[in-house]
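J.: No gaps in the numbering here: position 83 of the sequence shown is 83 in UniProt numbering, and each next residue is one more.
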Amino acid sequence: MTVWLTRITLNTRTHQARRDLRDVAQMHRTVMRLFPDGLGSTARASAGVLFRTEDTDDGPTLLIQSQIEPDATRLSDEYGTALTRSLDPLLLALRPGLPVRYRIIANATRKLGVNTQAGNPHRIVPLGGPEAELWWHRQAEQSGLHLRTSSTLALTSATGVRDVPEPAKPQPQRHARTQFDGTATITDADLLRQRLREGIGRGKSYGCGLLTLAPAR
Numbered sequence: 001m002t003v004w005l006t007r008i009t010l011n012t013r014t015h016q017a018r019r020d021l022r023d024v025a026q027m028h029r030t031v032m033r034l035f036p037d038g039l040g041s042t043a044r045a046s047a048g049v050l051f052r053t054e055d056t057d058d059g060p061t062l063l064i065q066s067q068i069e070p071d072a073t074r075l076s077d078e079y080g081t082a083l084t085r086s087l088d089p090l091l092l093a094l095r096p097g098l099p100v101r102y103r104i105i106a107n108a109t110r111k112l113g114v115n116t117q118a119g120n121p122h123r124i125v126p127l128g129g130p131e132a133e134l135w136w137h138r139q140a141e142q143s144g145l146h147l148r149t150s151s152t153l154a155l156t157s158a159t160g161v162r163d164v165p166e167p168a169k170p171q172p173q174r175h176a177r178t179q180f181d182g183t184a185t186i187t188d189a190d191l192l193r194q195r196l197r198e199g200i201g202r203g204k205s206y207g208c209g210l211l212t213l214a215p216a217r
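Okay, structure coming up:
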């Protein structure tokens, strides 16, 4: 199954792009407009959609990975400039021992245990600092990567308002985000391909979990 990567350079002069950058729930809705209707209640997972925003020299950029080719004509021309390419050549080239560069913006969390003294059992708590670094090292090992270098950058939380069926009130959402960059060596290419397609960690509907790779020189 082909995996697609779409890069949209956002036009921040438009109200919609500025709104989406402020409200990740709105960004999620915009992203899903690129894909066919009728995918069911788990449309994001059904289409294999992961996304994130990042600042580049060209301005704010939206990256979208999917297992269905997106239709950029579903967005207005003013929203931004879109470019889509297949990731299959990269995925097929992955092999044990290959050095790569990586980036992921992730929602590093842990679930409190039944006997925890730190709050309500089973509550999901965000991690930061050294705890977030340890979380990423574990996730990388479980994804077929042996980290060589890693830098950590705490980002502002992704915020938005989640729609819920009436008469319930819309639910504010906040997801802590940490950006991890560095170099690694592939230890298990098949496992890595699986994790690349699925995404890593929580908050995938809120712009977290998309791991991107490039060959390291």
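All residues carry an ideal CB built from backbone N, CA and C; glycine is no exception. Every value quoted in this text rests on a predicted model; they were computed, and no experiment measured them.
#1: For H175, does the count of other Cβ atoms within 10 angstroms reach 16, so buried, or fall short, so exposed?
#2: First and last residue of the alpha helix (DSSP H) that includes A189?
#3: Within 6 Å: the Cβ of M27 and any heavy atom of the ligand MG?
#4: To the nearest angstrom, how far is it from the Cα of P126 to the Cα of R110?
#5: Can you give me the start and stop residues for the alpha helix (DSSP H) that A72 sits inside?
#6: Can you tell me the Cβ-Cβ gap for A154 and T183, rounded? I've got them flagged as a contact below 8 Å.
#7: How far does the beta strand (DSSP E) with G129 in it extend, from its first residue to its last?
#8: Thinking C-beta only, is G144 closer than 7 Å to L92?
#9: Express the C-alpha separation of H15 and H146 in angstroms, rounding to a whole number.
#10: Just reading off the alpha helix (DSSP H) that R19 is part of, what are its end residues?
#11: Measure the Cβ-Cβ separation of R103 and T212 and say whether it is below 7 Å.
#12: Once you ignore the five residues that flank T149 on each side, which residues in its own chain have a CB closer than 6 Å to its CB?
#13: If we count the other Cβ atoms within 10 Å of its Cβ and call it buried at 16 or more, is Q171 buried or exposed?
#14: Start and end of the alpha helix (DSSP H) containing R95?
#15: How long is the line joining the alpha carbons of Q142 and D190, rounded to whole angstroms?
#16: With a cut-off of 8 Å on the beta carbons, I'd call T53 and L83 a contact; round off their distance for me.
T.: Checking against the coordinates, here is how it stands:
#1: Looking at its Cβ environment, which holds 16 or more other Cβ atoms inside 10 Å, H175 is buried.
#2: Note, A189: alpha helix (DSSP H), A189 to E198.
#3: Absent from the structure shown: the ligand MG. Ligands present: none.
#4: Between P126 and R110, the alpha-carbon positions lie close to 7 Å from each other.
#5: No residue range can be given for A72, since it is assigned to no alpha helix (DSSP H) and is classified by DSSP as neither H nor E.
#6: Between A154 and T183, the beta carbon gap of about 21 Å keeps them out of contact (Cβ cut-off 8 Å).
#7: That residue, G129, is in no beta strand (DSSP E); its alpha helix (DSSP H) goes G129 to E141.
#8: Going by beta carbons, L92 and G144 fall outside the 7 Å limit.
#9: Distance between the alpha carbons of H146 and H15 is about 42 Å.
#10: The continuous alpha helix (DSSP H) containing R19 extends over residues H15 to R22.
#11: Cβ atoms of R103 and T212: closer than 7 Å.
#12: Excluding residues within five positions, the ones whose Cβ falls inside 6 Å are G182 and T183.
#13: A residue is called buried when at least 16 other Cβ atoms come within 10 angstroms of its Cβ; Q171 does not meet this threshold and is exposed.
#14: Counting along the chain, no alpha helix (DSSP H) covers R95, and no H or E run does either.
#15: If you draw a straight line from the Cα of Q142 to the Cα of D190, it comes to about 12 Å.
#16: Contact doesn't hold; Cβ gap of about 16 Å is too wide.
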